[in-house]
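Here the protein sequences line up with chains A and L, keeping their order. Under my numbering, the first residue of the first sequence carries the number 1, and numbering increases by one thereafter. Under my numbering, the first residue of the second sequence carries the number 224, and numbering increases by one thereafter.
There are 2 protein chains.
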Amino acid sequence: MASAVQHGRLAAQAAEVLLGRIRAGEWALGHKLPGETTLALEIGVGRSTLREAIRELAGQGVLESRQGSGVFVMSTDIAEDWDVVLRRVSVASVLEARVAIEAEAAALAAHRRTPSDLRAMRRALARRSGSHHTAEEFAGVDMALHREVVAASHNEVLLELFDGFVPRVREAMIEMLKLRPIHDYEADQAAHSALVEAIAKRNPAAAAERSRAHLTGAHRALS
Amino acid sequence: MASAVQHGRLAAQAAEVLLGRIRAGEWALGHKLPGETTLALEIGVGRSTLREAIRELAGQGVLESRQGSGVFVMSTDIAEDWDVVLRRVSVASVLEARVAIEAEAAALAAHRRTPSDLRAMRRALARRSGSHHTAEEFAGVDMALHREVVAASHNEVLLELFDGFVPRVREAMIEMLKLRPIHDYEADQAAHSALVEAIAKRNPAAAAERSRAHLTGAHRALS
DNA sequence: AAACTCTACACCTCAGACAAGTTGGGTTCG
DNA sequence: CGAACCCAACTTGTCTGAGGTGTAGAGTTT
Chain A
1 MASAVQHGRL AAQAAEVLLG RIRAGEWALG HKLPGETTLA LEIGVGRSTL REAIRELAGQ
61 GVLESRQGSG VFVMSTDIAE DWDVVLRRVS VASVLEARVA IEAEAAALAA HRRTPSDLRA
121 MRRALARRSG SHHTAEEFAG VDMALHREVV AASHNEVLLE LFDGFVPRVR EAMIEMLKLR
181 PIHDYEADQA AHSALVEAIA KRNPAAAAER SRAHLTGAHR ALS
Chain L
224 MASAVQHGRL AAQAAEVLLG RIRAGEWALG HKLPGETTLA LEIGVGRSTL REAIRELAGQ
284 GVLESRQGSG VFVMSTDIAE DWDVVLRRVS VASVLEARVA IEAEAAALAA HRRTPSDLRA
344 MRRALARRSG SHHTAEEFAG VDMALHREVV AASHNEVLLE LFDGFVPRVR EAMIEMLKLR
404 PIHDYEADQA AHSALVEAIA KRNPAAAAER SRAHLTGAHR ALS
């Protein structure tokens with residue numbers, strides 16, 4: 001399970017490996033981990049380093065060590081704030097995750113969209129086509145349309161995830177627009193219109209494809 | 224400020240002392256603590272013990288150590304919740320979100336998987352093929368394989384999202400297995416093997432499709 | 001004044017030794 | 001036979017000393 005780790009402190013890497021194996025269910029809640037010496041040898045770090053990793057997870061409430069007895073799994077939940085995660089990672093990886101969310105949401109929306117959803121999407125599309133002077137303004141109407149698409153999927157989790165991405169993606173989008181404005185505005189608007197129409201026609205494959213094409217295009221423009 | 228009753232681990236006591244002095248304002252937010260050797264001597268514990276105390280507080284987000292620079296105060300308390308959201312919604316919507324994450328991750332993994340990733344996936348696949356008596360045990364090895372696939376995408380956000388789903392999906396999976404065991408075990412294992420092979424052959428479309436097919440199958444079985 | 005080099009000092013990791021606590025099996029005693 | 005005891009083999013806890021790696025700032029050069 002040594003998934004190519006090489007950045008940062010060794011103890012932090014070891015903690016990540018342990019957390020992964022715990023969350024994958026290798027050691028159930030309340031169960032005992034192998035001994036320190038065994039684990040250290042298995043992961044490939046010194047015993048002191050492994051102990052620091054355990055202490056780090058203990059601080060997060062995941063593990064608890066009892067002298068003479070062993071180290072036990074206390075909780076599989078982590079205490080990391082979602083915003084913190086997104087701020088730590090690259091914009092590119094957030095955008096990739098956004099592709100996953102939106103493409104799937106578009107396909108589901110093609111199945112489940114109601115006439116009311118469709119009206120909301122077309123209203124957002126119309127607002128997007130209007131004239132916008134600042135990058136902030138344009139980012140706002142663009143994100144609003146994308147949000148309507150995800151909302152039309154009628155899946156709470158996907159919408160919640162999308163909303164989590166919004167601030168970070170919005171920042172990146174404004175940054176990008178200021179550096180390199182959209183060269184073909186007509187084509188961009190047409191791509192969004194095509195996405196909405198695919199959902200309107202209840203064509204999941206086309207909706208997912210349109211969504212994916214647009215977003216990977218943005219991804220490419222960024223790099 | 225006389226030391227209280229000495230209960231439990233020395234490292235835990237040292238962590239408490241440190242937290243107390245931080246809360247008392249001895250070291251302001253963002254400031255640097257004295258060096259390890261100095262602090263260890265001052266508190267009256269060994270250096271490695273003090274390091275474990277620091278690591279414990281680092282796990283709680285209170286401290287952050289930077290190699291070559293020092294240990295700094297990051298915060299004075301803690302708080303959060305994203306897990307609550309997942310517990311509120313239906314298993315079906317979580318599973319739909321999981322399709323989004325895993326299918327995209329599988330495609331990315333087909334692009335980016337390293338030989339090391341591949342070894343990890345095949346190891347997990349082998350463990351999954353072994354005999355498992357309890358539903359919990361099987362759920363563990365199954366989730367471990369799926370996690371390796373997501374890890375091979377080398378996208379932190381997707382992996383973080385997947386990990387967020389694990390506890391909820393795991394519960395549902397065990398529940399389902401107890402009600403209706405897998406009827407065709409060979410086909411199930413073959414489907415997973417096919418997914419790994421598609422990633423090995425660097426075929427993103429096939430990998431995504433295999434992943435999607437397997438998960439929507441599970442989704443259907445649930446409803 | 002800016003850029004470069006170098007050194008002192010910080011944390012990071014390891015290995016080994018011993019202390020302290022827990023567990024479980026064997027023994028002894030009632 | 002059963003209960004209490006004892007002990008040996010684990011476990012985690014702590015300390016030490018030796019190197020390694022990275023950072024920041026002083027000093028030098030341009």
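We put the beta carbon where it would ideally sit given N, CA and C, even for glycine.
Within the segment 43-72 of chain A, S48, R51, E52, R55, E56, L57, A58, G59 and Q60 place their CB atoms closer than 7 Å to a CB of chain L, listed in sequence order. Going by beta carbons, A:L57 and A:L19 fall inside the 8 Å limit. For A:E64, the enclosing beta strand (DSSP E) covers residues L63 to R66. Here A:A109 really is in contact with A:A152; their C-beta atoms are around 4 Å apart, less than 8 Å. Counting C-beta atoms within 10 angstroms of its own C-beta, L:H437 has 16 or more neighbours from the protein chains shown and is therefore classed as buried. Minimum Cα-Cα distance from A:D117 among the listed residues A:E197, A:M176, A:K32 and A:T38 corresponds to A:E197.
Within chain A, the C-beta atoms nearer than 9 Å to that of L:S316 come from H154, N155, E156, V157 and L158, in chain order. Pairing L:A251 with L:T261, the inter-Cα distance amounts to about 18 Å.
Under a criterion of Cβ atoms nearer than 7 Å, the residues of chain A adjacent to L:I324 are, in order, A100. Within chain A, the residues placing a beta-carbon under 8 Å from that of L:A234 are R55, ordered along the chain. Contact between A:H154 and A:R112 holds: their C-beta atoms lie close to 5 Å from each other, under 8 Å.
Between L:V392 and chain A, the shortest Cβ-Cβ separation is not below 8 Å. With the criterion set as a beta carbon lying under 7 Å from some beta carbon of chain L, the members of the segment 16-44 of chain A are G20, R23, A24, G25, E26 and A28, in sequence order.
In this structure, L:V317 sits near A:V157, with a CB-CB distance shorter than 8 Å. Only residues of its own chain outside the window of five on either side were considered, and among them G61, V62, L63 and E64 have a CB closer than 7 Å to the CB of A:M74, listed in chain order.
Spanning the alpha carbons of A:E16 and A:Y185 requires a straight line of approximately 44 Å.
By the Cβ neighbour-count rule, A:Q67 is exposed, with fewer than 16 other Cβ atoms within 10 Å of its own.
Around the beta carbon of A:T76, a 10 Å sphere encloses 16 or more other beta carbons of the protein chains shown; the residue is thus reported as buried.
Here A:E102 is near A:V149, since their CB atoms are less than 8 Å apart. A residue is called buried when at least 16 other Cβ atoms come within 10 angstroms of its Cβ; A:L159 meets this threshold and is buried. For L:R391, the closest of L:A358, L:D411, L:M344 and L:R321 by C-alpha to C-alpha distance is L:R321. For A:L161, the neighbours in chain L by C-beta distance under 8 Å run, in chain order, A320 and L384.
With a cutoff of 8 Å on beta-carbon distance, L:L400 and L:A347 are scored as not near each other. Secondary structure at L:K255: strand, using DSSP grouped into helix, strand and coil.
From the listed residues A:A53, A:H31 and A:E26, the smallest Cα separation to A:G8 is found for A:A53. Look at the segment 331-347 of chain L: the residues with a C-beta under 8 Å from a C-beta of chain A are L331, T337, S339, D340, A343, R346 and A347. Within the segment 352-368 of chain L, contact with chain A at the beta-carbon level (separation under 7 Å) is assigned to E359, A362, G363, M366 and A367. A:A24 sits close to L:M366, with the two beta carbons spaced by under 8 Å.
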